[in-house]
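Below is one structure, written out as structure tokens, with a few remarks after it.
Residue numbers (this note's numbering): 2 to 250.
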């Protein structure tokens, strides 16, 4: 390798190290801001007030109010846990400072769907019994900065729970085989749990979104890493994206 090539590679390596350290600094700065009463980001929040039920025929006794309250309460608690100041409002402010954001649960849906699962014999895998079961999704659409066309985004997040089946085959001396099985169906408490989980994940995904947005703005898009926060509020850095919202608009 020529001296010139070695110099170029050295300069590139130093430049990459500098960029990564600089971006790490900015990501850490965002986390530290959320621990400061004077610097933390403010989220103006509107919760869900209606639950859309789609094909929800297999579950009885589900309380719309319990689903909505579970989700709204937990997303607020989780946003606060990650350091944001959350202000529940009925109307969003017209003007926002750089550290202020709006987040609205614009739609929430409990959706039932059908799927097939099976009982398969451990020793003779060709012995199979299929049964149609049900699952439920909690689907949530959240609108970010709805009042600012240049910043407006719609996020989507889902959590699901499914019926379960367990069983085994019994075969007679005449090579006749019968399946014994039982199913466990989704009940209302399961739906409340996935509403809770959806809210908790939504809050973390929103934190990750604002964190990466902050780094992108501060580094003018030069940093190519992905940043996130763990469930114990420590910084995570990766070369590939985290699990996150789908951005649908």
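Just so you know, even glycine gets a beta-carbon here, dropped at the ideal spot from N, CA and C. Just so it is clear, the structure is predicted and the values come from calculations on it, not from any experiment.
By the DSSP assignment, the beta strand (DSSP E) with residue i in it spans what residues?
i	result
residue 121	101-121
residue 305	In the structure displayed, the chain extends from 2 to 250; residue 305 sits before or after that span and is not available.
residue 144	129-145
residue 236	236-239
residue 184	178-185
residue 46	43-47
residue 125	No beta strand (DSSP E) holds residue 125; DSSP gives it neither H nor E.
State the Cα-Cα distance for the pair residue i and residue j, rounded to the nearest angstrom.
i	j	result
residue 245	residue 206	5 Å
residue 239	residue 150	30 Å
residue 234	residue 209	11 Å
residue 141	residue 216	26 Å
residue 146	residue 98	12 Å
residue 243	residue 172	48 Å
residue 185	residue 224	48 Å
residue 203	residue 55	21 Å
residue 174	residue 125	16 Å
residue 61	residue 248	32 Å
residue 80	residue 59	33 Å
residue 107	residue 214	22 Å
residue 219	residue 26	10 Å
If contacts are defined as beta-carbon pairs under 8 Å, then residue i and residue j qualify, I think. What distance do you get, rounded to the angstrom?
i	j	result
residue 100	residue 42	5 Å
residue 148	residue 103	7 Å
residue 78	residue 139	In fact, because the Cβ distance is near 17 Å, the residues do not count as touching under 8 Å.
residue 47	residue 87	Their Cβ separation, rounded to whole angstroms, is 11 Å, which puts residue 47 and residue 87 out of contact at 8 Å.
residue 155	residue 250	4 Å
Between the options, which lies nearest to residue i when the distance is taken from Cα to Cα?
i	options	result
residue 187	218, 134, 104	134
residue 28	232, 241, 226, 242	226
residue 177	60, 128, 228	128
residue 183	89, 90, 119, 107	119
residue 71	82, 193, 114, 154	193
Hey, could you find the ends of the alpha helix (DSSP H) residue i is sitting in?
i	result
residue 67	65-82
residue 216	189-220
Cβ of residue i within 8 Å of Cβ of residue j?
i	j	result
residue 68	residue 57	no
residue 132	residue 162	no
residue 116	residue 84	no
residue 144	residue 105	yes
residue 110	residue 197	no
residue 211	residue 228	no
residue 73	residue 49	yes
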